[in-house]
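All remarks here apply to the structure that follows.
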Amino acid sequence: YLYGTLTIIGIWVISMICVTLLGKFNKSFSYLILASKALAIGTLISDALLHILPAALGLHSHEDDEHDSHATHNNTTESTRDHRDPLWKMSGTIGILFVLWILDTIFHHDHDHHGHENSSKNKRDTTIENSSNTENKIDSTEQKANITVKTSKTRVKLFFKYLKNIKISGWMAFFGDILHKIADGFAIAAAFSQSLSLGLSTSLAILFHEVPHELGDYSVLVSSGFKLISVLILNTITSATGLIAYLILVSVSPSEMFREWIFAITTGVFLYIALVIMIPRVKNELDFKDIKRNYKKIIVVVAFFLIGWVIMFLLAFFEEDIKFDIPTSC
């Protein structure tokens, strides 16, 4: 219970800090946000293919490793070779995905990109302005109400009026994030129940993609009428649902087959987030046809994608060495 619980709480705290800082100073941290997106793509794809998919297919069972601890040296060497052979092949798959992504961005970067990018920036600027105007209107309304009538009844009315003015997109983002956090809680529970290294890799992948994900949710929630304090409260609620999902799954002690199905679903979710959601967002911020002007962004994306892969690769490569004496109560 302990390691998974601390992991989920840690992810919540870090994402809250990042949302508070990066959300308020979006333009100042543009490169940092781009780096976080590239890191998320690298870790999600690498974790899905190097860690979670092999676990879903049952290519190596850590429960069997305990029974084989007294095997001969030759058998151990052969087992290590068998364990790392899929690792290299999956790394080749990741390399091909990365190269094709870069080539696709270079050769299919149509002339409408600049207009799309400018319109996207204008939309973001408009969203930020609208959200700030909405916040100012709500703040001024609350101040006038508090000055005029300071009664609990009036405050309740203002609260419900505040909720009534929230756009439907904000509530959809909130309930969607609840489902997202529940899936993360199940994934962390299944990963830590399989092995410590798988738990660490899955937790890192979730952490790295949570930051850009929460920033996206922040933009949607604020533009729909929520204030910053409300966004942080909603984030706390969604994180609590993830923790509850984790504790429920750990308490029922899922079978090997059940864990493998969770790993299979998690693989699909991670690949979908990386390939369908994250990569298009990063592509919209890159312009390979004007390398001199955008070389810094290109370097950031390539470097942090590779950093994400290296982290996941090292965790998988030295998986057998990442073993601690974990108390049974944890």
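In terms of the UniProt record's numbering, the sequence shown opens at residue 1 and continues consecutively.
Note that the Cβ used here is the ideal one computed from N, Cα and C, for glycine as well.
Nothing here was measured: the structure is a model prediction, and the numbers come from that model.
- Between Ile-311 and the set Ala-245, Glu-210, Ala-205, the nearest pair of CA atoms involves Ala-205.
- Leu-32 and Leu-97 have their alpha carbons spaced roughly 23 Å apart.
- The alpha carbon of Ala-303 has as its nearest neighbour, out of Ile-11, Ala-38, Ile-233, the alpha carbon of Ala-38.
- For Val-282, same chain residues with a beta-carbon under 8 Å away, outside a window of 5 residues either side, are Leu-34, Lys-37, Ala-38, Ile-41, Val-301 in chain order.
- Around the beta carbon of Asn-284, a 10 Å sphere encloses fewer than 16 other beta carbons of the protein chains shown; the residue is thus reported as exposed.
- Check the Cα spacing between Met-257 and each of His-51, Ile-14, Gly-58, Cys-18: the tightest is with Gly-58.
- Inclusion of Gly-4 and Ala-189 in the CB contact set at 8 Å is warranted, their separation being smaller than that value.
- Within 10 angstroms of the beta-carbon of Leu-49 lie 16 or more other beta-carbons, which makes it buried.
- With a beta-carbon spacing of about 6 Å, Val-269 and Ala-183 fall inside the 8 Å limit used to define contacts.
- In this structure Leu-196 is not in contact with Leu-315, their Cβ atoms being roughly 10 Å apart against a cut-off of 8 Å.
- For Arg-293 and Phe-107, the gap between their C-alpha atoms comes out near 18 Å.
- Rounded to the nearest angstrom, the gap between the Cα atoms of Leu-100 and Val-211 is 26 Å.
- The Cβ atoms of Tyr-218 and Val-13 lie no closer than 8 Å to each other.
- For the pair Thr-202 and Asp-85, the CB atoms are not nearer than the 8 Å cut-off.
- A distance below 8 Å between beta-carbons, with the five flanking residues on each side excluded, links Ala-274 to the following residues of its chain, in chain order: Ala-40, Ile-41, Leu-44, Ile-45, Ala-48, His-209.
- By the criterion of a C-beta distance shorter than 7 Å, Phe-317 is surrounded in its chain by Arg-84, Leu-87, once the five residues flanking it on both sides are discounted.
- Rounded to the nearest whole angstrom, the C-alpha separation of Ile-229 and Met-90 is 43 Å.
- Leaving aside the five residues that flank Lys-167 on each side, the residues in its chain whose CB is nearer than 7 Å to its CB run, in chain order, Ser-224, Gly-225.
- Taking C-beta atoms as the reference points, Ile-8 and Gly-170 fail to come closer than 8 Å.
- Thr-241 is a Cβ neighbour of Ile-178, given a cutoff of 8 Å.
- With at least 16 other beta carbons inside 10 angstroms of its own, Lys-297 counts as buried.
- A direct Cα-to-Cα measurement between Pro-254 and Ile-262 gives close to 10 Å.
- Within the stretch 154-226, the runs of alpha helix (DSSP H) that reach at least 4 residues and sit entirely inside it are, in chain order, 168-194, 196-223.
- Counting along the chain, the unbroken alpha helix (DSSP H) around Val-269 starts and ends at 256-272.
- Straight through space, the alpha carbons of Leu-286 and Val-252 are spaced by roughly 46 Å.
- Here the C-alpha atom of Leu-207 lies approximately 18 Å from the C-alpha atom of Gly-176.
- Excluding its 5 nearest sequence neighbours in each direction, Leu-249 has C-beta neighbours in its own chain below 6 Å: Phe-186, Ala-189, listed in chain order.
- According to the DSSP assignment, Gly-58 belongs to no alpha helix (DSSP H), since it is labelled neither H nor E.
- With respect to the 8 Å criterion, Ile-52 and Trp-309 are not classified as neighbours on the basis of their beta carbons.
- In the structure shown, Leu-249 adopts helical secondary structure according to DSSP, grouped into three states.
- Here Leu-221 is buried: its Cβ has 16 or more other Cβ atoms, across all protein chains shown, within 10 Å.
- When secondary structure is reduced to three states using DSSP, Leu-286 falls in the coil class, being assigned neither helix nor strand.
- In terms of Cα proximity to Lys-181, the closest of Arg-155, Leu-271, His-213, Ile-299 is His-213.
- One alpha carbon belongs to Ala-191, the other to Pro-280, and they sit about 28 Å apart.
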